[in-house]
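Written out below as structure tokens is the structure these notes cover.
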Amino acid sequence: MSPKVALKAKSEPVEPKRLARPLALLAWYDRHRRRLPWRAAPGETADPYRVWLSEIMLQQTTVKAVGPYFEKFVVRWPDVTALGRASLDDVLRMWAGLGYYSRARNLYACAVAVAREHGGVFPDTEDGLRALPGIGPYTAAAIAAIAFDRRTMPVDGNIERVVSRLFAVEEELPQAKPKIQQLAAMLLADSRAGDEKSRAGDSAQALMDLGASICTPKKPACSLCPFTDDCVARTQGTQDTFPRKAPKKSGTLRQGAAFVVTRGDELLVRTRPEKGLLGGMTEVPGSDWRAGQDDKLAKLQAPALKGLSRWQRKLGVVTHVFTHFPLELVVYTARVEAGTRAPDGMRWVPVATLADEALPNVMRKVIAHALDG
Ligand code: SF4
Numbered sequence: 222m223s224p225k226v227a228l229k230a231k232s233e234p235v236e237p238k239r240l241a242r243p244l245a246l247l248a249w250y251d252r253h254r255r256r257l258p259w260r261a262a263p264g265e266t267a268d269p270y271r272v273w274l275s276e277i278m279l280q281q282t283t284v285k286a287v288g289p290y291f292e293k294f295v296v297r298w299p300d301v302t303a304l305g306r307a308s309l310d311d312v313l314r315m316w317a318g319l320g321y322y323s324r325a326r327n328l329y330a331c332a333v334a335v336a337r338e339h340g341g342v343f344p345d346t347e348d349g350l351r352a353l354p355g356i357g358p359y360t361a362a363a364i365a366a367i368a369f370d371r372r373t374m375p376v377d378g379n380i381e382r383v384v385s386r387l388f389a390v391e392e393e394l395p396q397a398k399p400k401i402q403q404l405a406a407m408l409l410a411d412s413r414a415g416d417e418k419s420r421a422g423d424s425a426q427a428l429m430d431l432g433a434s435i436c437t438p439k440k441p442a443c444s445l446c447p448f449t450d451d452c453v454a455r456t457q458g459t460q461d462t463f464p465r466k467a468p469k470k471s472g473t474l475r476q477g478a479a480f481v482v483t484r485g486d487e488l489l490v491r492t493r494p495e496k497g498l499l500g501g502m503t504e505v506p507g508s509d510w511r512a513g514q515d516d517k518l519a520k521l522q523a524p525a526l527k528g529l530s531r532w533q534r535k536l537g538v539v540t541h542v543f544t545h546f547p548l549e550l551v552v553y554t555a556r557v558e559a560g561t562r563a564p565d566g567m568r569w570v571p572v573a574t575l576a577d578e579a580l581p582n583v584m585r586k587v588i589a590h591a592l593d594g
């Protein structure tokens, strides 16, 4: 998913379409909104904690993947103050499997900041929110609009797609972002007089839902769309070609080795350094990950354990794709005698309790590969 950005709505000259589109969008949302665990029901006030938690979890991840994690978090930590009192280890453990672990560390840092510096109450402006750890322009706009009804439009990948089709934006992403932001802001309903809400949060969520359920990447269901008579790409029959995108550069393949050592029903693990990729997560010992790394060189980085002289190489490799590079790991296994000491900086954990460790997905794959057969 592309990085997310936000822009405050600007005042626009009044035109019939500009008035009609936001209202059509809200009317569609009132009939077809998705029920999501973090979303307030119609007439309810949104809980900023739940909005924030879901927005952080949803970065780079799908609604389906986030659902169970969100439920686990709110049961264990029902508000931001409770989360701010947790330990980082517990938060990482609960997050394990959701990927992009720097988000979990920022999530925790943010909870601590809100609990300690803001009395457990989230700031209600974009600027105030952006000052918190892990909250960028998109997330600040999303929370401000959804939780506090601030008149601003967060633009995520779904919204980029809808808007680029609706207006047939010919520029390629990412250069087209500012233009898409401006056009998306035109889909906010005008502020209303008196105490009525602008429903900015509903407008944003309506576009997100529209992108997720109707204006999908392939074969959008245009006949069900509230913009069906008004969409330039639909009129041209070119829906599938938007948004225009510059070709992606994929990172260079890195290679390395992972060493899975068992002592009875225990496994040798260590904790990655706090900073950097997968910081603070649990892993089995391994070599560094380099482009073009030779197997023999990688194997030289195996941990030294008393009495261990023979490594078994598992057939095949484990592959994983990080944001900036794909990774290929050769897996070596070994067994050691009961009582063998773990090398410095490593520890034994029972295989039965591995699920409680903050294991990133790549390590889950490695362990599954090693222990398979
Ligand atoms: S009419 Fe079709 S292409 Fe246009 S916004 Fe709606 S679903 Fe997307």
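For the sequence shown, position 224 (counting from the first letter as 1) is numbered 445 according to our numbering, and the numbering increases by one without interruption. Beta carbons: idealized from backbone N, C-alpha and C, even for Gly.
Residue side-chain check: A245 keeps its Cβ at 8 Å or more from all non-hydrogen atoms of the ligand SF4.
In this model, L279 and Y270 are separated by some 14 Å (Cα to Cα). Minimum Cα-Cα distance from I367 among the listed residues V272, T456 and A454 corresponds to V272.
Of the candidates L526, L550, A523 and V542, the residue whose Cα lies closest to the Cα of L536 is L550. Apart from sequence neighbours up to five positions away, the residues of its chain that approach K466 with a beta-carbon distance below 7 Å are E393 and L394, ordered along the chain. When C-beta atoms of the stretch 499 to 514 are compared with those of the stretch 477 to 486, three or more pairs fall below 8 Å, so the two segments count as touching.
Distances from the CA of R568 to each of Q522, D593 and P506 were compared; the closest alpha carbon is that of P506.
Between the stretch 248 to 258 and the stretch 431 to 438 there are three or more C-beta pairs closer than 8 Å, enough to call the two in contact. Those residues that have a beta carbon less than 6 Å away from any non-hydrogen atom of the ligand SF4 are, in order along the chain, V383, R386, L387, I435, C436, P441, C443, C446, F448, T449, C452, A454, R455 and Q460. Per DSSP, V335 lies in no beta strand (DSSP E) segment; the continuous alpha helix (DSSP H) that holds it begins and ends at S323 to E338. Under the three-state reduction of DSSP output, R491 falls in the strand class. In this structure, V482 and V552 do not form a Cβ contact; the two beta carbons are roughly 11 Å apart against a cut-off of 8 Å. Each residue's CA atom was taken as its position, placing A559 and L488 some 12 Å apart. Within the DSSP secondary-structure output, W569 pairs in a beta bridge with L489. Going by DSSP, G305 is part of the alpha helix (DSSP H) stretching over V301 to R306. Under the three-pair Cβ rule at 8 Å, the stretch 487 to 502 counts as touching the stretch 562 to 581. A direct Cα-to-Cα measurement between Q281 and G318 gives close to 13 Å. Boundaries of the alpha helix (DSSP H) harbouring V312: L309 to W316, taken from the DSSP string. In the displayed model, L580 falls within coil according to three-state DSSP, outside both helix and strand. Around R484, the same chain offers V557, A559, T561 and W569 as residues with beta carbons nearer than 7 Å, after the five sequence neighbours per side are excluded. A direct Cα-to-Cα measurement between F546 and T473 gives close to 6 Å. At the C-beta level, A307 and Y321 stay beyond 9 Å of one another.
Within its own chain, the residues whose Cβ lies closer than 6 Å to the Cβ of W249, once the five positions on either side in sequence are excluded, are P447, listed in chain order. Rounded to the nearest angstrom, the gap between the Cα atoms of V335 and T302 is 7 Å.
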